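Below: one structure, written as structure tokens.
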Amino acid sequence: MNGATHGKATDGLSLAGRSVLPAQMRVVVLGAGVMGPGIALVFAEHGMPVDLCEVSQPALDAGMAALADALLLKQEAGLCTPESAARAIARVTPRLEAGEALGRADLVIEAVPENREIKRGVFERIADEAPPHAVVWSNTSTLDVFGLAPAALAPRLLVAHWFAPPHILPLVEVVCQPPVPESLRDETLALLRALGKAPVLLDKFVPGFVINRLLRALGREAFAMIEDGVISIAALDVAVRTSLAPRMQVLGLMQRYDYTGLHLSLRNLGDPDIVDAPVNRSPAPLRERVARGELGVTSGKGFYDYAGRTPLQLQRERDLRLWRAMHGLAELVSDPHPI
């Protein structure tokens, strides 16, 4: 069972060569936007005190409200009790000023917007104010943050890219490079597993990492087929949900080729009649909707019409379905290895 579902405390943790109990590890999450509250929740559910920091009161209030709502929704899904939810939220301290929290941090998680200058400033502050033993994780989804941080952070800075909603989805993409020692890399992977996550280590940095690059490739083909009138948007989503998604949940991507047969896969990839869609950085199905102000859930309309439902209602419905799906797939999540 996914530890994020159970929210069980771990017995002991090691980070940067220091062994601590969960209640003794000070975790600081910088940024209470889309990702920060969910990341904070994962640590809090596993017995760790967390400081959730933001630069504006409205953003901080919204982040804490999102965290509380996530716990309410988890109760609705039957995956936690009111008592365990209350204990988790009590471990999260909202802060407008991060200085005090940074000064005693063991682990600092950067979850600020994907803006190079914002991240550069955050890394400089961490280098100045956090203890020299504090490990730093960046939740960047695309950027090469190693060139943005001061040299003092280089031996203890790793990318730990979570996926929204981070308190539900298990994957965390991990990237590190010298001079980060192998021991810290291994401790990071072990800590993520103790949190119920499924960390995947990339052997080197690539812009966008792995999953976002795969999504770009899928999106390129999808937009091309929609624009060419091959299939409707709704029919394409049905096809993905009822074939591609469940099969990948069991086999992943590469093991599927084994089941097809590598000789057949090689022949299929070489079929001259199937031509890959060209790179199109402004596909019409996206561009035209953006021009009309149809931005998706936040505006009430995108590829689908969400009239009559608020973004919060839609997010709750998505998350409730994800909770139930991940609960049903618990065995695959806890042992995500090939057949």
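So for the sequence shown, our numbering puts the first residue at 161; every next one is plus one.
All C-beta atoms in this analysis are idealised placements derived from N, C-alpha and C, irrespective of residue type, glycine included.
All values derive from a computational prediction rather than experimental measurement.
When the beta-carbon positions are compared, Ser301 and Phe369 come within less than 9 Å of each other. Considering only Leu175, Leu352, Glu342, Val202, the residue with the shortest C-alpha distance to Asp363 is Glu342. Taking every protein chain shown into account, the CB of Ala261 has 16 or more other CB atoms within 10 angstroms, so this residue is buried. Between the alpha carbons of Val439 and Ala350 lies a distance of about 38 Å. Rounded to the nearest angstrom, the gap between the Cα atoms of Ala324 and Leu424 is 36 Å. Closest by C-alpha distance to Trp297, out of His327, Ile391, Leu352, Trp483, is Leu352. In its chain, beyond the 5 residues on either side, Leu318, Arg345 have a beta carbon closer than 6 Å to the beta carbon of Cys336.
Between Glu270 and Ile286, the C-beta gap is smaller than 9 Å, which places the two residues in contact. By alpha-carbon distance to Ala294, the top candidate from Lys234, Glu257, Gly177, Ala250 is Gly177.
Exposed is the label assigned to Leu455, since fewer than 16 other Cβ atoms lie within 10 Å of its Cβ. Scanning Arg481, Gly259, Gly198 for the CA closest to the CA of Ala230 turns up Gly198. Here Gly356 is buried: its Cβ has 16 or more other Cβ atoms, across all protein chains shown, within 10 Å.
Nearest in C-alpha terms to Val360, of all of Val332, Leu375, Met385, is Val332. CA-CA distance, Glu257 to Arg251, rounds to 18 Å.
Excluding residues up to 5 positions away in sequence, Val187, Val188, Val189, Ala200, Phe203, Ala204, Arg251, Val252, Thr253 lie with their Cβ nearer than 8 Å to the Cβ of Val210 in the same chain. The DSSP-derived three-state label of Leu331 is strand. In this structure Leu308 touches Arg280 by the C-beta definition: roughly 5 Å separates them, less than 8 Å. At the C-beta level, Arg401 and Arg407 stay beyond 9 Å of one another.
Rounded to whole angstroms, the Cβ separation of Ala219 and Ala192 is 6 Å, and the two are in contact under 8 Å. If you look at Ile199, you'll find it in the alpha helix (DSSP H) that goes 196–205. For Ser425, the enclosing alpha helix (DSSP H) covers residues 422–429. Val398 and Val366 have their C-alpha atoms some 31 Å from each other. Spanning the alpha carbons of Ser179 and Leu267 requires a straight line of approximately 13 Å. Residues Pro325, Ile328, Leu329 of the same chain have their beta carbon placed closer than 8 Å to that of Leu482, with the five preceding and five following residues left out of the count.
Using a Cβ distance threshold of 9 Å, Asp431 and Glu381 do not count as a contacting pair.
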